[in-house]
Amino acid sequence: MLKLTEPVGDETFLRARVGDKELVLRTPAQVLPEVGDTVALRFAADRLHLV
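Taking my numbering, the leading residue of the sequence shown gets 1, the next gets one more, and so forth.
Here it is, written out as structure tokens:
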């Protein structure tokens with residue numbers, strides 16, 4: 001579930017919770033889901049960063 005959206009210039013950072021984990025996602029600015037939305041995720045393996 002989406003917890004926070006943060007527009008920053010030409011991209012938007014999203015904070016989402018999946019189970020007990022929090023994810024920070026970076027999307028183009030045109031992608032504007034709303035807090036509380038459930039979003040589908042797809043990852044490009046060559047652009048994925050895990051810490």
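Cβ atoms here follow ideal geometry from the backbone N, Cα and C, with glycine treated the same way.
Based on Cα-Cα distance, which residue from the options lies nearest to residue i?
i	options	result
LEU14	GLU6, ASP20 and PHE43	GLU6
LYS21	GLU34, THR12 and LYS3	LYS3
GLY9	LEU23, VAL24, GLY19 and GLN30	GLN30
Mind reading off the beta-carbon distance from residue i to residue j? Whole number of angstroms is fine, and I expect it under 8 Å.
i	j	result
MET1	ARG26	Not really, about 18 Å apart at Cβ, beyond 8 Å.
Rounded to whole angstroms, what is the Cα-Cα separation between residue i and residue j?
i	j	result
GLY36	LEU48	24 Å
LEU23	ASP46	18 Å
VAL51	PHE43	15 Å
Given a cut-off of 8 Å on the beta-carbon distance, is the pair residue i and residue j in contact?
i	j	result
GLU11	PRO33	no
Please indicate yes or no: does the CB of residue i lie closer than 7 Å to some heavy atom of the ligand ZN?
i	result
THR27	For the structure depicted, the ligand ZN is absent and the ligand set is empty, with no information on it obtainable.
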